[in-house]
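For what it's worth, our numbering labels the leading residue of the sequence shown as 936, then goes sequentially.
We put the beta carbon where it would ideally sit given N, CA and C, even for glycine.
One structure is given below, encoded as structure tokens.
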Amino acid sequence: MKILASMGRGGVGKSTFIALVAKYLIEVGETPLLLVDADPDQCLGYMVGVDMEAEGKKTITDLVIETFFEASGTLYGAPPSERMESAIWEEGIYEGEGFDFITIGTKYTEGCYCTPDAALKGAIERIARNYKYVLIDSPAGLEQLNRRISSRFDDIFELLDPSKKAFEHVKRAVKVIEGVRIEYGHIYLVGGYEFPDELGRKAEEELGLRYLGKIAYDELVRRFVLEGRSLLELPDDSPAYRSVVAIMERAGYVPFKRLLFPG
């Protein structure tokens, strides 16, 4: 099981990137996937055609509140993480075709969350073992992910816009990742559609990280988002999709069949 996460400033394209990575992995048969929307804005569901409320599913935050603050202890005698895991399986997971989906939701109300955070982390780590890939659309930083989801990531993709703030965000993010002792394989740089490719070399030199390319501008993506259509339904010749396929292949995510039979 591999855990991949997107990071970056708001509006740079994190949700679009994760949705198109999911499309790629589904189409090459690298399933099952677990998609985790950890951003409080909760955009990823719309990008992959999932309406949790319409499906009768709850956010993980709702389940934490119900399990630890309102239920006064269902599943008597069960460890907290098992109680949380049971709640997620029963009410928090949308089961789709090739992928399942959970959303973390908005922040908790005020209070002490050491026990529920630890329980949630243990539950999600056990649930994730059922999947080949876990794809996480993260908030701006990984502090929350470290507390509530996982302390290990195989690859982290930092999305960039053409601004000094984007570069500063990467520097701060790397400090946080190392400061909270998150284990990771690689941190890669990926340009959003507004990012000029010629800035890629400058980004590599200034940040000391590998630049994999940019998400191509695609009018069809804009139209799908406006119409509320799933990006998983984009045609295979979509410029944005083809650019994400190339990015993933540069990161080493090449299907075994293609390694055996290139071209």
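- Between LEU1166 and ILE961, the gap from beta carbon to beta carbon reaches 8 Å or more.
- Sixteen is the threshold: since fewer than 16 other Cβ atoms of the shown chains lie within 10 Å of the Cβ of PHE1004, the residue is exposed.
- ASP1072 counts as buried, since at least 16 other C-beta atoms from the protein chains shown sit within 10 angstroms of its C-beta.
- By the criterion of at least three beta-carbon pairs nearer than 8 Å, the segment 965–972 is not in contact with the segment 1135–1147.
- Around the beta-carbon of ASP972, 16 or more other beta-carbon atoms lie within 10 Å, marking it buried.
- Out of LYS949, MET936 and LYS937, the CA that lies nearest to the CA of GLU1093 is found in LYS949.
- Taken atom to atom, the span from the alpha-carbon of ILE1062 to that of VAL1125 is near 29 Å.
- Separation of ALA1175 and PRO1015 (C-alpha to C-alpha, rounded to the nearest whole angstrom) is 42 Å.
- As a beta-bridge residue in DSSP terms, MET942 pairs with GLU1093.
- In summary, ALA1013 is exposed, with fewer than 16 beta-carbon neighbours lying within 10 Å of its beta-carbon over all protein chains present.
- For GLY1120, the uninterrupted beta strand (DSSP E) segment begins and ends at 1118–1126.
- Per DSSP, reduced to three states, the secondary structure at ASP1132 is coil, with no helix or strand assignment.
- In terms of Cβ geometry, ILE1084 and LYS1056 form a close pair [threshold 8 Å].
- Note on geometry: alpha-carbon atoms of TYR1128 and LEU1095 lie some 9 Å from one another.
- One thing to note: SER1086 has its Cβ within 8 Å of the Cβ of GLU1118.
- DSSP places GLU1017 in the helix class (H, G or I) of the three-state scheme.
- The three-state reading of DSSP puts LEU1161 in helix, counting H, G and I together.
- DSSP, reduced to helix, strand and coil, places TYR1066 outside both helices and strands of the structure shown, so it counts as coil.
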